[in-house]
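**Student:** I'd like to ask you about the structure that follows.
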Amino acid sequence: MRTQVAIIGGGPSGLLLSQLLNKAGIETVILERQSREYVLSRIRAGVLEYGAVDMLRKSGAGERMDREGMPHDGVYLTDNGKLFRIDFVERCGERVMVYGQTEFTRDLYKAQDDMGAIIIDRAANVALHDLDTDRPYVTWEKDGTGHRLDCDFVAGCDGFHGVSRPSIPDSVRKDFERIYPFGWLGIMSETPPAAEEIVYARNRSGFALASMRTRTLSRSYIQVPLTDRTEDWSDEAFWEEFKRRMAPEIAETLVTGPSIEKSIAPLRSFVSEPMRWGRLFLCGDAAHIVPPTGAKGLNLAASDVHYLYEGLKLHYLDRDDSGLDQYSQTALKRIWQAMRFSWSMTMLLHTFPEASEFDRQMQSSELVYLADSENAQKVFAENYIGLPF
Ligand code: RFL
Ligand code: PHB
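For the sequence shown, position 160 matches number 151 in this note's numbering, and the numbering has no gaps at all.
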C-alpha cells in the first residue's frame, strides 16, 4: 500500500490534517490504534479558539458547529466568592466557541467518510521506519495480519502516549516538563450550565470550573489531590465541594444532578523539541501537553495542523520545502506562548500544597488587578481567544 502522507492517530489533529490535505488533493491514510467508538467516547476539550473554528469551517466540517456550537463573548472569574467578567469582544473584538471535542471529532469522521478517506482503526503495533531517508514506511497489524504502508511523509498525530515522539532518537530530542501536584476531577451531568458563560473559580479549598457542552449538559471540574480516585467522590460530595468553591450567586441557583461521566485528569506542562525529524512531523499532544486551565490543548493541535498543512501544500503544489523546513520553529513559537498562558492560569487559580500566605496573597492581588484593569483584561482576552496563527 502507498500514500503521500501517513497519519498516525485518528484524534482531532490526525482527522483535521487528513481532511484538509484530502480537500487539497493530497492523499492520506490514517492509522488509529483504538476503535472509532472508543475515540468518540472520550470526553475532553470544550472550548475552540476562533482560529480552530475557522479551520474546521475551512475543512468543510464546520456546518454543525455553526448550528449547534455556542459562541461565548467572555468568561467569569471568581476569587473566594468575588465574581467578575472579562468581555473578549469588548477587549479584543473576537469570541470563542463552546463545542465539545467529541462533536469536533465526530464531524471530521463524517466529513472524511463522505470524501471516501482511508481510516484504518484498531491498528496494532504501529511502527515507523526509515524516517531519516526519502522512503519512510509504516508497519502495523490488524486482526493478526501484518501490513506495510509506504509514504512520502509521516504525520505523528498519536497523542502523548503514541509511538511517533519516541521514534525520534533521544540524542536529537529535548523534553521540557512540569508536573503539577493535583488533578482535575470532572463530571458531565444533564443539568443546565451554572452560568451562561464559563466560570473559573479560585478558592481557599481549591480551584473549580463550571463549563458546559449544551444548554442542558454541564461539564464541571474541581481540583483534587493526585491520590484521590473517582470512587472517593460521590455526586453529592462533588456538588457540595463545587458549590463551596463557586461564587455564592452561582452556587445559589445551581441545578445539580447525577453524573453521567466522571474522571480524573492529571495536570502537566510538556514540550518536546524539535517537532520534525527527517520525514516525521509531530502534531498536537504527540509533541506537547498543557494543563487544561487555559483550554489550549485542542487549539494548539489545530494550529500545528495549520502549519503542517500549509507546509505540505507548498511541497506538493509548488515544489517549495520552505514551509516544511520552518514547521518545527514556527509551531514551537506559538506553542511556547500557549504554554506560558496555561501555566500562568494554573499558577494563578490553584491551591498549591506548599504555598505560603504570601504566595496566596500574590494570587489574590493578581486577580484584583485582573478584575480592575482594562489593560490586564486585554492581555488575558488576547491569550484566551488565541494568538494569531
Ligand atoms: P489525541 O486526542 O490524544 O489523539 C491521538 C490519537 O492517536 C491514537 N494513538 C495511536 N494510533 C495509532 N498507533 C499508536 N501507537 C497510537 N497511540 C495513540 C489515540 O488512540 C488517539 O485517538 O491527540 P490530538 O489529536 O493531538 O488532540 C489533542 C487533544 O485531544 C487535547 O489536546 C485536548 O483534549 C486537551 N484538552 C483541552 N483542549 C482545548 O483546546 N480546550 C479545552 O477546553 C480542553 N479541555 C483537555 C481538556 C484535555 C483533558 N484531558 C482529559 C486530557 C480537558 C481535559 C479534562
Ligand atoms: C471543558 O469544557 O471541558 C473545559 C473548558 C475550559 C477549560 C478546560 C475544559 O479551561
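C-beta atoms are modelled at their ideal positions from N, C-alpha and C, and glycine is treated no differently.
If you measure from the CB of C83, is any heavy atom of the ligand RFL nearer than 8 Å?
**Tutor:** Locating residue 83 in the sequence shown gives position 92, where the first residue counts as 1. Because no heavy atom of the ligand RFL lies under 8 Å away, the Cβ of C83 does not count as near it: no.
**Student:** According to DSSP, is E81 helix, strand or coil?
**Tutor:** Within the sequence shown, residue 81 is the residue found at index 90, counting from 1. Looking at E81 - three-state DSSP - the assignment turns out to be helix.
**Student:** Under three-state DSSP, which class holds P216?
**Tutor:** Translated into positions along the sequence shown, residue 216 becomes position 225. Here P216 sits in coil by DSSP.
**Student:** Tell me whether T205, by its Cβ, gets closer than 8 Å to a heavy atom of the ligand PHB.
**Tutor:** The residue you call residue 205 lines up with position 214 of the sequence shown. No.
**Student:** Going by DSSP, what residue range makes up the beta strand (DSSP E) through N116?
**Tutor:** By one-based count along the sequence shown, residue 116 stands at place 125. Run containing N116: A115 to H120, per the beta strand (DSSP E) assignment.
**Student:** Any chance the CB of W334 is under 8 Å from a heavy atom of the ligand RFL?
**Tutor:** As a first step, residue 334 is located in the sequence shown; it is residue number 343 there, counting from the start. Not so, every heavy atom of the ligand RFL lies at least 8 Å from the Cβ.
**Student:** Does the separation of the CB atoms of W175 and L140 fall below 9 Å?
**Tutor:** Reading the sequence shown from its first residue, position 184 is the one you call residue 175. Reading the sequence shown from its first residue, position 149 is the one you call residue 140. No, these two residues do not count as a Cβ contact at 9 Å.
**Student:** My understanding is that F144 touches V(-4), with C-beta atoms under 8 Å, so please give their C-beta distance in whole angstroms.
**Tutor:** Reading the sequence shown from its first residue, position 153 is the one you call residue 144. Reading the sequence shown from its first residue, position 5 is the one you call residue -4. 5 Å between Cβ atoms; contact.
**Student:** Check the C-beta distance from A329 over to Y298 and give it rounded, since I have them as a contact under 8 Å.
**Tutor:** Residue numbering aside, residue 329 sits at position 338 when the sequence shown is read from its first letter. Residue numbering aside, residue 298 sits at position 307 when the sequence shown is read from its first letter. A329 to Y298, Cβ: 14 Å. No contact.
**Student:** Within the same chain, show all residues whose beta-carbon is closer than 8 Å to that of V66, passing over the 5 residues directly before and after it, in chain order.
**Tutor:** Here residue 66 refers to the residue found at position 75 when the sequence shown is read from its first residue. The residues are R76, I77, F79, E188, I189, V190, Y191 and Y375.
**Student:** Short check: CB of F4 to CB of A286, under 9 Å?
**Tutor:** Reading the sequence shown from its first residue, position 13 is the one you call residue 4. Reading the sequence shown from its first residue, position 295 is the one you call residue 286. Phe is not the amino acid found at residue 4; the sequence shown has Ser there. In this structure, A286 does not lie closer than 9 Å to S4 by Cβ.
**Student:** Below 9 Å between beta carbons: does that hold for A372 and R195?
**Tutor:** Reading the sequence shown from its first residue, position 381 is the one you call residue 372. Reading the sequence shown from its first residue, position 204 is the one you call residue 195. Result no, Cβ atoms of A372 and R195 do not sit closer than 9 Å.
**Student:** Select from G72, R259, K14 and V44 the residue whose C-alpha is nearest the C-alpha of D104.
**Tutor:** Your numbering for residue 104 matches position 113 in the sequence shown. D104 has its Cα closest to that of K14, out of G72, R259, K14 and V44.
**Student:** If contact is defined by three or more beta carbon pairs under 8 Å, each pair taking one atom from either stretch, is the segment 312 to 321 in contact with the segment 260 to 279?
**Tutor:** Cβ pair count under 8 Å is three or more, so yes.
**Student:** Any heavy atom of the ligand RFL within a distance shorter than 8 Å of the CB on I213?
**Tutor:** As a working note, residue 213 is residue 222 in the sequence shown. Not under cutoff, so the answer is no.
**Student:** Have a look at D45, T124, A228 and M(-8) and flag the residue whose alpha-carbon is nearest the alpha-carbon of I21.
**Tutor:** Translated into the one-based positions of the sequence shown, residue 21 becomes position 30. That would be M(-8), whose Cα lies nearest to the Cα of I21.
**Student:** So, helix, strand or coil for F229, using DSSP?
**Tutor:** To locate residue 229, count along the sequence shown from 1; it is residue 238. Reduced to three states, the DSSP call for F229 is helix.
**Student:** Whose CA, out of Q25, E168 and L68, lies closest to the CA of R259?
**Tutor:** Locating residue 259 in the sequence shown gives position 268, counting from the first residue. Per the Cα distances, E168.
**Student:** CA-CA distance, S225 and V30?
**Tutor:** Residue 225 sits at position 234 when you count from the first residue of the sequence shown. Residue 30 sits at position 39 when you count from the first residue of the sequence shown. Spanning the two alpha carbons is a distance of roughly 26 Å.
**Student:** Rounded to a whole number of angstroms, what is the C-alpha to C-alpha distance between P282 and F261?
**Tutor:** As a first step, residue 282 is located in the sequence shown; it is residue number 291 there, counting from the start. As a first step, residue 261 is located in the sequence shown; it is residue number 270 there, counting from the start. Cα-Cα distance, rounded: 9 Å.
**Student:** In chain order, what residues of the same chain have a beta carbon less than 7 Å from the beta carbon of T207, not counting five sequence neighbours either side?
**Tutor:** For the purposes of this step, residue 207 is taken as the residue at position 216 of the sequence shown. For T207, where only same-chain residues beyond five positions count, the Cβ hits under 7 Å are E181 and P183.
**Student:** Taking only three categories from DSSP, how would you classify S335?
**Tutor:** Position 344 of the sequence shown, counting from 1, holds the residue named residue 335. Residue state, collapsed to three classes: helix.
**Student:** What is the DSSP secondary structure of E28, reduced to helix, strand or coil?
**Tutor:** Locating residue 28 in the sequence shown gives position 37, where the first residue counts as 1. Of the three classes helix, strand and coil, the one that applies to E28 here is helix, per DSSP.
**Student:** Would F151 and I280 be called neighbours here (beta carbons separated by less than 9 Å)?
**Tutor:** Here residue 151 is taken as the residue at index 160 of the sequence shown, counted from 1. Here residue 280 is taken as the residue at index 289 of the sequence shown, counted from 1. Contact flag set, yes.
**Student:** Check the DSSP bridge columns for H138 and list the partner residues they point to.
**Tutor:** On the sequence shown, position 147 is the one that residue 138 refers to. Per DSSP, W131.
**Student:** Do you know whose CA, among V129, L339, E232 and L303, lies nearest G177's CA?
**Tutor:** Translated into the one-based positions of the sequence shown, residue 177 becomes position 186. Out of V129, L339, E232 and L303, E232 has the C-alpha closest to the C-alpha of G177.
**Student:** Give every residue of the same chain whose Cβ lies closer than 7 Å to the Cβ of S158, excluding the five residues on either side of it in the sequence, and list them in chain order.
**Tutor:** One-based indexing of the sequence shown puts residue 158 at position 167. Only L119, L122 and L271 meet the Cβ criterion.
**Student:** Given the structure, does N290 come close to the ligand RFL, in the sense that its CB is under 8 Å from one of the ligand's heavy atoms?
**Tutor:** Mapped onto the sequence shown, residue 290 falls at position 299. Within the cutoff, so yes.
**Student:** In whole angstroms, give me the CA-to-CA distance for G302 and L99.
**Tutor:** To locate residue 302, count along the sequence shown from 1; it is residue 311. To locate residue 99, count along the sequence shown from 1; it is residue 108. Each residue's alpha carbon lies about 21 Å from the other.
**Student:** Alpha carbons only, please: which of D350, T205, R331 and A367 is nearest the one belonging to E94?
**Tutor:** Working through the sequence shown from its first residue, we reach residue 94 at position 103. It is T205 whose Cα lies nearest to the Cα of E94.
**Student:** Taking the alpha helix (DSSP H) that D143 falls in, what are its first and last residues?
**Tutor:** Position 152 of the sequence shown, counted from the first residue, corresponds to residue 143. From DSSP, D143 is part of no alpha helix (DSSP H); its letter is neither H nor E.
**Student:** Quick one: is F198 buried, meaning 16 or more other Cβ sit within 10 Å of its Cβ, or exposed?
**Tutor:** Mapped onto the sequence shown, residue 198 falls at position 207. So F198 ends up on the buried side.
**Student:** Check whether the Cβ of E23 lies closer than 8 Å to any heavy atom of the ligand RFL, and answer yes or no.
**Tutor:** By one-based count along the sequence shown, residue 23 stands at place 32. Yes, since a heavy atom of the ligand RFL falls inside the 8 Å radius drawn around the Cβ of E23.
**Student:** Give me the residue from L6, D70 and A52 with the minimum Cα distance to E357.
**Tutor:** Numbered from 1 along the sequence shown, position 366 holds the residue referred to as residue 357. E357 has its Cα closest to that of D70, out of L6, D70 and A52.
**Student:** Using the three-state DSSP reduction, which class does A42 fall into: helix, strand or coil?
**Tutor:** On the sequence shown, residue 42 is found 51 positions in, with the first residue counted as 1. According to the sequence shown, residue 42 is Gly rather than Ala. Reduced to three states, the DSSP call for G42 is helix.
**Student:** With D166 as the anchor, note down where its beta strand (DSSP E) starts and where it stops.
**Tutor:** To locate residue 166, count along the sequence shown from 1; it is residue 175. Note, D166: beta strand (DSSP E), K165 to S180.
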